[in-house]
Amino acid sequence: MSDNLFQEDKVSVTDRLAAEALIIDVDGYEGPLDVLLTLSRTQKVDLRKISVLDLARQYLVFVEKAKELRLELAADYLVMAAWLAFLKSRLLLPPDPTEEGPSGEELAAHLAFQLERLQAMRDVAARLMACDRLGRDFFARGQGEDVTRIKTVRYTATLLDLMQGYARIRTRDDFRPFVMDRESVFTMEQALERMRGLIGYGGRWTDMASYLPEGWDNDPVRRRSATASTFAASLELVKEGHLEIRQSEVFAPIELRKVDGTK
Amino acid sequence: MQDPEEIEQSLFEAPPMAEQERMCEAVLFASADPVSVRDLEARLPHGSDVPQALTLLQKRYEGRGVRVVKVGDTWAMRTAPDLGFLMQKETVETRKLSRAAIETLAIIAYHQPATRAEIEEIRGVSVSRGTIDQLLGLEWIRLGRRKMTPGRPVTFVVTPVFLDHFGLETARDLPGLKELRAAGLLENRPPPGEAFGEDADDSQPELFEED
Amino acid sequence: MQDPEEIEQSLFEAPPMAEQERMCEAVLFASADPVSVRDLEARLPHGSDVPQALTLLQKRYEGRGVRVVKVGDTWAMRTAPDLGFLMQKETVETRKLSRAAIETLAIIAYHQPATRAEIEEIRGVSVSRGTIDQLLGLEWIRLGRRKMTPGRPVTFVVTPVFLDHFGLETARDLPGLKELRAAGLLENRPPPGEAFGEDADDSQPELFEED
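Protein chains in written order, with this note's numbering: chain D, 381 to 643; chain H, -7 to 203; chain B, -7 to 203.
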């Protein structure tokens, strides 16, 4: 690896081997944290005493190797790689007192905590699944009671039925062909057409707001759209030499005037 | 009973009689059908004396709320006949609620108080009288306050019985559509860029957000 | 225990304790699902002391092939776990849960009430479609109270069906819970330097709330 970008890391053969072993089955991992946890096992120490710096290095080797092998890595693997590279630099460089934010040690400690917690949850999950379980290790009464005296029908439904039922109704309408809802959009073409018709009467400086179409000024959404398109249409008319436009100061009303003696 | 000495001596000794008895007890309890002696012998460790274990077990349950009875060539456990009256509630048949009823119930739960017209508008079909009656009968919904709109229509709300059945503390704990979608509970996804039922009205304004 | 003399004197006397005990026995025996104390009280004659009857009954079944167990607020009869090997015929093949589903279940059980964001934070991946769905379908989890944090996210908690399935009396009996808590691994520790929005304040006190 002469073109190794990470020259400062003397990447060990074991790291390479570990990374390659991991890469063979990228799909088998449930995300970057899972990969980190697996990598951390190669350090063979208590998770609380793990070297996060080593771990970051191992992970970066993993990502780099995966790229070399042109394996598809999900975006979150790359995000984690970027973050670990950042963490690594924080851990290696002396702390900069002017720099804001948590120290490298704090970040490393949190990562170690996350790994330890994930491992702990996996351990208890396994213990939970190994519990004596109904229908496997212990059993409920197997026989239906033979006394049939009163037969009442009890209707039942689960929460899942309820939520799925609701979702079903509320998403039924979502499958119409895709169209933009345009009722609240006043297009520039519409504005231009309207302005051309009105501009003949604009001999004096007039607030642009007065050119807005009727019924488009009370709803904020419609007002925005109409204002934007009317402004754009005005600029177009200025370019064509039909209009003059001015604004006395920032946020002041924009005023329009017809250009006399149209060419 | 076998001589304990003898049991000790055999290579695969049968468990003690008390243990055999509790084995029979567990099998009889868990089996869906009465169990034959031969079947018990096949399940229990080799060398077990099933008839004797059953006799002891039967004796142990004498006068209890449960009895060990012989049914033809098979054995079973039954509740004592004199306590049958306690079991009256036991014989309930459960049936799934119809789709119409579930949807109606869901709309009431999510939109309460909801009028019949509102339910019909959301479902897109009319709500049959029987559906409402069934939900009222189950005590999952009840009448709420009348709406202060023309005609003052009655409204429906869900009941504590409903919350209890569905394991909810309040109807507000039901996930909204966004959450349902996020949890993967929606069977379908809307086309990209398309607004979703509930959020349809606020997606456009977000494009031109007021500040 | 009530004095028998006293019982004799009252107008609608409750049956003797031994009789109450066998009544509880019969009802628990007949019912495959756990039965609540309230339900037992509704079935037994007025004036019965169900909790005491259950305690006596539980003692009576100690060491037998069948046990009387407490599941949350309910009671049930179950075969002794050490005899599971006899019951191959009764074993129901349950669909294998995926690793994601098992871990999600464990996180909900140990961190409950747990939001989706918390599950994702701990596992480091998003909760896949169908996982929550599957656990809800098994009725091992249900919706808890919404969190009093921005966005008021829905939460998940485990159910009595979960407790019954795993043979736990309460969620406090989860294996390894104490060790995890002592090691600080159930804390919601914010990433350093980040204002912890979602759940810094109230997650611990809510853990394993009594209902």
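Idealized CB from N, CA, C, for every residue including glycine.
List the endpoints of the continuous alpha helix (DSSP H) containing residue i.
i         : result
ILE124(H) : 121 to 129
VAL19(H)  : 9 to 22
THR47(H)  : 42 to 52
VAL565(D) : Where VAL565(D) is concerned, there is no enclosing alpha helix (DSSP H), given that its DSSP letter is neither H nor E.
LYS445(D) : 432 to 448
GLN104(H) : Note, GLN104(H): premise wrong, no alpha helix (DSSP H); not H, not E.
LEU417(D) : 412 to 421
Checking contacts by CB at 8 Å: is residue i closer than that to chain D?
i         : result
LEU172(B) : yes
MET15(B)  : no
THR147(B) : no
ILE100(H) : no
ASP31(B)  : no
ARG137(B) : no
PRO37(H)  : no
ALA106(H) : no
LEU128(B) : yes
With distance defined between alpha-carbon atoms, name the residue in the options nearest to residue i.
i         : options                                    : result
LEU498(D) : ALA510(D), LEU417(D), TYR546(D)            : LEU417(D)
ALA109(H) : PRO8(H), VAL119(H), ARG14(H)               : VAL119(H)
ALA520(D) : PRO105(B), VAL61(B), ALA10(B), GLY39(B)    : VAL61(B)
VAL406(D) : ALA454(D), VAL393(D), SER392(D), GLU496(D) : ALA454(D)
VAL662(D) : VAL432(D), LYS429(D), LEU427(D), PHE442(D) : Residue coverage of chain D in this structure runs from 381 to 643, which leaves residue 662(D) outside it and unanswerable.
ARG134(H) : SER40(H), THR141(H), PRO142(H), PRO105(H)  : PRO105(H)
GLY116(B) : LEU128(B), GLN126(B), ASP125(B), ILE99(B)  : ILE99(B)
SER564(D) : LEU472(D), GLU620(D), ARG604(D), VAL425(D) : ARG604(D)
MET15(B)  : GLU17(H), ARG14(H), GLU95(H), GLY76(H)     : GLY76(H)
ARG548(D) : LEU130(H), ALA92(H), LEU127(H)             : ALA92(H)
GLU496(D) : ILE430(D), VAL618(D), LEU397(D)            : ILE430(D)
THR96(B)  : ARG87(B), GLY143(B), ASP125(B)             : ASP125(B)
ARG574(D) : ASP587(D), GLY583(D), TYR591(D)            : TYR591(D)
ALA34(H)  : SER23(B), GLN80(B), GLY159(B)              : GLN80(B)
GLU54(H)  : VAL63(H), ALA6(H), ARG70(H), ARG164(H)     : ARG70(H)
GLY159(B) : THR551(D), LEU473(D), LEU578(D), LEU508(D) : LEU508(D)
TRP463(D) : ASP587(D), PRO412(D), GLU479(D)            : PRO412(D)
Which two residues bound the contiguous beta strand (DSSP E) that contains residue i?
i         : result
LEU487(D) : Note, LEU487(D): premise wrong, no beta strand (DSSP E); alpha helix (DSSP H) at 484 to 509.
ILE111(H) : Premise fails: ILE111(H) lies in the alpha helix (DSSP H), 108 to 115, not in any beta strand (DSSP E).
ALA68(H)  : 66 to 71
GLU624(D) : 623 to 627
ILE634(D) : 634 to 638
LYS88(B)  : It is not in any beta strand (DSSP E) - LYS88(B) carries neither H nor E in the DSSP assignment.
LYS424(D) : Careful: LYS424(D) lies outside any beta strand (DSSP E) and carries neither H nor E.
ARG59(H)  : 58 to 63
Got a sec? Which residues, its chain only, sit under 8 Å from residue i by beta carbon, not counting five neighbours each side?
i         : result
PRO145(B) : THR107, ARG108, ALA109, ARG138, LYS139, GLU190
VAL29(B)  : VAL42, PRO43, LEU46, ASP65, THR66, TRP67
GLN627(D) : PRO633, ILE634, GLU635
THR147(H) : GLN104, PRO105, ALA106, THR107, LEU135, GLY136, ARG137, ARG138, LYS139
TRP585(D) : ARG626, GLU635, LEU636, ARG637
ALA72(B)  : ARG56, GLY57, VAL58, ARG59
LEU467(D) : VAL432, ALA436, GLY484, LEU487, ALA488, LEU491
LEU48(B)  : MET9, GLU13
Counting only beta-carbon atoms, is residue i nearer than 8 Å to chain B?
i         : result
ARG622(D) : Correcting the residue identity first, residue 622(D) is His in this sequence and not Arg. Chain B contact via Cβ: absent.
LEU539(D) : yes
ASP191(H) : With a pLDDT of 36 at ASP191(H), under the threshold of 50, the modelled position of this residue cannot be trusted; read the value that follows with caution. So no, ASP191(H) is outside the interface.
MET79(H)  : yes
PRO167(H) : yes
THR66(H)  : no
ALA22(H)  : yes
Taking residue i as the query, report the chain C residues whose CB atoms sit under 7 Å from its CB, ordered along the chain.
i        : result
ARG56(B) : Structure shown: chain C not included; protein chains present are D, H and B.
Counting only beta-carbon separations shorter than 8 Å, does residue i have a partner in chain H?
i         : result
PHE519(D) : yes
ARG181(B) : no
Taking 7 Å as the limit between beta carbons, can you name the residues of its chain near residue i, skipping five residues before and five after?
i         : result
PRO8(H)   : none
ASP512(D) : PHE518
LEU32(H)  : CYS16, VAL19, VAL42
LEU427(D) : SER420, ALA492, LEU495, GLU496, GLN499
MET543(D) : none
LEU169(B) : TYR102
GLN50(B)  : VAL60
PHE21(H)  : MET69
Tell me which residues share the same chain as residue i and place their Cβ nearer than 6 Å to its Cβ, disregarding the 5 neighbours each side in the sequence.
i         : result
ALA612(D) : MET568
PHE154(H) : TRP132
ASP395(D) : GLN438, VAL441
VAL459(D) : none
Minimum length 3: unbroken beta strand (DSSP E) runs contained in the stretch 128 to 174 of chain H: 133 to 135, 147 to 150
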